[in-house]
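Take the sequence shown: its letter number 8 is residue 808 in the numbering used here, and every next letter is one higher. Think of the CB as a built atom: it goes at the ideal place given N, C-alpha and C, for glycine as much as any other residue. A quick note: this is a predicted structure, and the numbers were derived from the prediction, not measured.
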Amino acid sequence: MAAAQGRLSDGAGGMDEPKGTEGDLGQGDVLPPPFRSAVEALRNARLRPQIEIDPTPPPKRLAPFAYALEAAVVDGEEDLADGRLVLLHDPAGHDAWRGSFRLVTLVRAELEPEMAADPLLPDVCWSWLTGALSARGLSYGEASGTVTRASSHYFGGLSERPSASQIEIRASWTPREGLGGVPDTATHLVSWCDLLAQVAGLPPAAPGDASVVTLPQRRGPQSR
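What follows is the structure in structure tokens.
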């Protein structure tokens, strides 16, 4: 799959910053215990089988410590949606975050052109994100982001290709910290995977998992 990359709209920066090597978590890998615990929770989270997830090099300049994952919703050999989730940590805290942790994400999928033209689509997509977090009972703050829809039309030697439309959800939020200053990153990851699955058009993993708006009918699987 193609790693999801891009620049977010909030003051936290973006995911197109220069990246470190996979497993490079921050300053000399001398990790604060809360960050180490948060990363371990991400690594041990149990996810639905249609989602393939792997660590990926994190951005290096967004925070003193960072950990990143990329994921795809897969049907056979086809990707239905993909994305990237980054956990940031600044032990000193961050004024814009109002906390010491921040989650930053990009989710994207192909859509039918008719669906992409729906004027309500951006609001619906944002509700998928907030609904996925609320459905898992998560507490968070300072959420911000953008929903972008784009269409590609082909001409000349490419004119035989059908037009394509894509939706992108770029967002970041501050997970509330629990005991020992550690947020429930495993449940945040599960909620993010709920969002990925919904954008891909999959049914909820269990009753009550869906957010408030149902995904309209989508086109078939896209080639990886």
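Query	Result
Rounded straight-line distance, which links the Cα of Leu-958 to that of Ala-943	40 Å
Distance, Val-830 Cα to Leu-920 Cα	46 Å
Chain-order list of residues whose beta-carbon lies under 8 Å from that of Ala-804 (same chain, five-residue window excluded)	Low confidence applies here, because Ala-804 scores a pLDDT of 34, under 50, leaving its location unreliable; read the following figure in that light. So the qualifying residues of the chain are Met-815, Glu-870, Asp-882, Gly-883, Arg-884, Leu-906, Val-907, Arg-908.
Rounded separation between Asp-854 and Leu-933 - CA only	21 Å
Span of the alpha helix (DSSP H) around Asp-923	921-935
Host beta strand (DSSP E) of Pro-864 (start-end)	Run containing Pro-864: none; DSSP gives neither H nor E here.
Cβ-based neighbour list, Leu-941, same chain, cut-off 8 Å, excluding 5 preceding and 5 following	The question names Leu, yet the displayed sequence has Gly at residue 941. So the qualifying residues of the chain are Arg-898, Gly-899, Trp-973, Thr-974, Arg-976.
Contact belief for Leu-995 with Trp-926 at Cβ below 8 Å, rounded distance in angstroms	Not quite, the Cβ-Cβ distance comes to about 11 Å (not below 8 Å), so this is no contact.
For Asp-890 and Arg-902, the rounded distance between their alpha carbons	9 Å
When Ala-1000, Ile-967, Thr-987, Gln-998 are compared against Leu-847, the one with the closest alpha-carbon	Thr-987
C-alpha gap between Leu-888 and Ala-935, whole angstroms	23 Å
Rounded C-alpha distance that separates Ala-892 from Ser-951	42 Å
Run of the beta strand (DSSP E) containing Ala-943, from where it starts to where it stops	940-952
Where Ala-875 falls: helix, strand or coil (DSSP)	Note that residue 875 corresponds to Asp in the displayed sequence, not to Ala. Looking at Asp-875 - three-state DSSP - the assignment turns out to be strand.
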